[in-house]
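Numbering (this note's numbering), first residue to last: 234 to 423.
C-beta: ideal position from N, C-alpha, C; glycine also.
Owing to the predicted nature of the structure, the values given are computational and were not obtained by experimental measurement.
Quick look at the structure:
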């Protein structure tokens, strides 16, 4: 597989939020301001990349040799939970403002289906180490890009004179749908 196509596909065309509809909870919850969106995006990039590297090694160095591949799901969830706890402790210590602005959505990275999807997908697609690294960076970068763009749009929507029945999440979901359509139009590129 061409790595460039993999990157473009993961970031734009098969975007985890807009094409696969994974990670919608933080997408809607944290996208109210751009600073929180970038902070969440960076946290997700770290957790997905680190979890993918550990789970890749765990799968091929422990689970496969011992014939216990059926333990894949539970072991992957434990690795993800450990990395999320690390990120939470780090942010609480070194960036209390961001920690507070992310609120409940930070620990929810543990149950964010995006993180588990990437770790499982790397194995199920049979990616080698290089492809795993590329996929594990490109997918969360796509998540952060869409989260940031959406947060900028939401900041403008909140300031706009919108019909009260459309204020908040209704107009946000319409915009998210339009973003998904726009990115789906790029399907022939990669």
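Alpha carbon of residue i to alpha carbon of residue j, nearest angstrom
i, j, result
"residue 315", "residue 260", "22 Å"
"residue 375", "residue 367", "12 Å"
"residue 258", "residue 397", "23 Å"
"residue 415", "residue 298", "45 Å"
"residue 361", "residue 412", "32 Å"
"residue 296", "residue 350", "18 Å"
"residue 242", "residue 358", "15 Å"
"residue 335", "residue 265", "11 Å"
Outcome for residue i when other beta-carbon atoms lying within 10 angstroms are tallied against a minimum of 16
i, result
"residue 322", "exposed"
"residue 387", "buried"
"residue 292", "buried"
Integer Cβ distance of residue i from residue j, believed to fall under 8 Å
i, j, result
"residue 312", "residue 288", "5 Å"
"residue 252", "residue 246", "7 Å"
"residue 331", "residue 324", "6 Å"
First through last residue of the alpha helix (DSSP H) which encompasses residue i
i, result
"residue 330", "329 to 335"
"residue 374", "362 to 392"
"residue 398", "No alpha helix (DSSP H) holds residue 398; DSSP gives it neither H nor E."
"residue 260", "257 to 262"
"residue 403", "402 to 417"
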